[in-house]
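A.B. asks: In the working numbering, the protein residues as written are 939 to 1037.
Glycine included, each C-beta is placed from N, C-alpha and C at the ideal position.
#1: For residue 1015, which of helix, strand or coil comes out of DSSP?
#2: According to the neighbour-count rule (16 or more other Cβ atoms, all chains shown, within 10 Å of its Cβ), is residue 976 buried or exposed?
#3: From residue 1032 to residue 1002, what does the alpha carbon distance come to, in whole angstroms?
#4: Can you name, in chain order, every residue of its own chain whose Cβ lies under 7 angstroms from the Cβ of residue 1012, other than the five neighbours on each side?
#5: On the DSSP bridge assignment, give the partners of residue 990 in chain order.
#6: Please report the distance separating the alpha-carbon of residue 972 from that of residue 999.
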């Protein structure tokens, strides 16, 4: 089973399925539970999201589809712009507490 992933992009992102077909998208959920997660993501996404709002939406969707409780030990958050930053466990915990 593939771990669920939620990707939210400020600019257009690209999603590629296993067959090699690709689409441009602003937000996409992939992995286990992706159908429900993708539906929730499309409902909640808008171009004017702040980083904080995007973090909250992404983790709230993961919380809905993951079998385990969302913790800093089983969730990673990264932002890519203006530079790549992988959140520390304490930064992930801060996002989780907003849920």
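C.D. replies: Considering the structure as presented:
#1: Translated into positions along the chain shown, residue 1015 becomes position 77. It is coil, neither helix nor strand.
#2: Position 38 of the chain shown holds residue 976. Residue 976 is buried by the Cβ-count criterion.
#3: Taking the first residue of the chain shown as 1, we reach residue 1032 at position 94. Taking the first residue of the chain shown as 1, we reach residue 1002 at position 64. Distance between the alpha carbons of residue 1032 and residue 1002: 18 angstroms.
#4: Along the chain shown, read from residue 1 onward, the residue named residue 1012 stands at position 74. Counting only Cβ-Cβ distances below 7 angstroms, and skipping sequence neighbours, we find 1006.
#5: Within the chain shown, numbered from 1, the residue matching residue 990 stands at position 52. Within the DSSP bridge table, the entry for residue 990 names no partner.
#6: Taking the first residue of the chain shown as position 1, residue 972 is located at position 34. Taking the first residue of the chain shown as position 1, residue 999 is located at position 61. CA-CA distance, residue 972 to residue 999, rounds to 10 angstroms.
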